[in-house]
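J.: Numbering (the numbering used here), first residue to last: 16 to 158.
Where is the CB? At the ideal position from N, CA and C, for every residue including glycine.
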Amino acid sequence: AGGESELSDFESFEVTASLTRLGLENVNSVIESIFSMIVMIRDKSVPKYIYNEVLQLEELGWRFSSKGGVGNYVQGLSNGLQDYPPSLCVAGPRRLALCEEDSSKLLASNAARTSFDSKGQLDFTTKLVADFTDNLTVDNAMY
Numbered sequence: 016a017g018g019e020s021e022l023s024d025f026e027s028f029e030v031t032a033s034l035t036r037l038g039l040e041n042v043n044s045v046i047e048s049i050f051s052m053i054v055m056i057r058d059k060s061v062p063k064y065i066y067n068e069v070l071q072l073e074e075l076g077w078r079f080s081s082k083g084g085v086g087n088y089v090q091g092l093s094n095g096l097q098d099y100p101p102s103l104c105v106a107g108p109r110r111l112a113l114c115e116e117d118s119s120k121l122l123a124s125n126a127a128r129t130s131f132d133s134k135g136q137l138d139f140t141t142k143l144v145a146d147f148t149d150n151l152t153v154d155n156a157m158y
């Protein structure tokens with residue numbers, strides 16, 4: 016499962032499940048189980064420590080990223096230039112502070128972020144996740 020950005024104002028979420036013959040015969044039950052898990056995540060909310068763990072994993076991914084193909088790199092720079100000034104197009108999408116009021120503040124040091132800088136940043140991110148999961152409904156699904 017995972018999110019995939021396609022447009023700046025559009026997000027898709029895809030769940031892929033490999034099914035056995037028995038699973039295919041009961042595909043509606045499988046779909047119900049998947050949506051039951053989504054409802055559980057929405058109702059119980061994601062624990063706060065998970066947000067810091069994801070931030071740490073993203074930070075590690077940034078600090079130790081491997082060189083990819085030139086085409087993907089250029090495409091990423093091009094996308095970055097649409098939202099950030101040239102001086103921030105490389106790091107901006109990954110290294111900027113997460114809260115709207117700090118959206119132009121690049122982290123001053125190269126030290127790894129291990130937690131959110133403020134409760135406001137964490138609350139902002141938590142709200143984004145809650146808003147996203149609120150829209151993961153059967154009525155909005157294509158299957």
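Just the Cα atoms here: how many angstroms apart are residue 77 and residue 92?
T.: 15 Å
J.: Could you please give the first and the last residue of the uninterrupted alpha helix (DSSP H) stretch that includes residue 99?
T.: From DSSP, residue 99 is part of no alpha helix (DSSP H); its letter is neither H nor E.
J.: CA-CA distance, residue 28 and residue 130?
T.: 26 Å
J.: Mind checking which residues open and close the alpha helix (DSSP H) that includes residue 199?
T.: The question about residue 199 has no answer here: the residues shown for the chain are numbered 16 through 158.
J.: Under the three-state reduction of DSSP, which class applies to residue 50: helix, strand or coil?
T.: helix
J.: Kindly give me the distance between the Cβ atoms of residue 30 and residue 49, rounded to whole angstroms, as I take these residues to be in contact under 8 Å.
T.: The beta-carbon separation of residue 30 and residue 49, rounded to 6 Å, stays under the 8 Å limit for a contact.
J.: Please name the residue or residues paired with residue 79 in a DSSP beta bridge.
T.: DSSP output for residue 79 lists no bridge partner at all.
J.: Hey, out of 94, 52, 34, whose CA is closest to residue 153's CA?
T.: 52
J.: Cutting at 6 Å between CB atoms, please list the residues of its own chain near residue 32, excluding the five before and the five after it.
T.: A distance below 6 Å between beta-carbons, with the five flanking residues on each side excluded, links residue 32 to no residue of its chain.
J.: From this set, 150, 142, 156, 103, which residue's C-alpha is nearest residue 66's C-alpha?
T.: 142
J.: Quick one: Cα of residue 104 to Cα of residue 95, how far?
T.: 5 Å
J.: Alpha carbon to alpha carbon, what distance is there between residue 68 and residue 138?
T.: 15 Å
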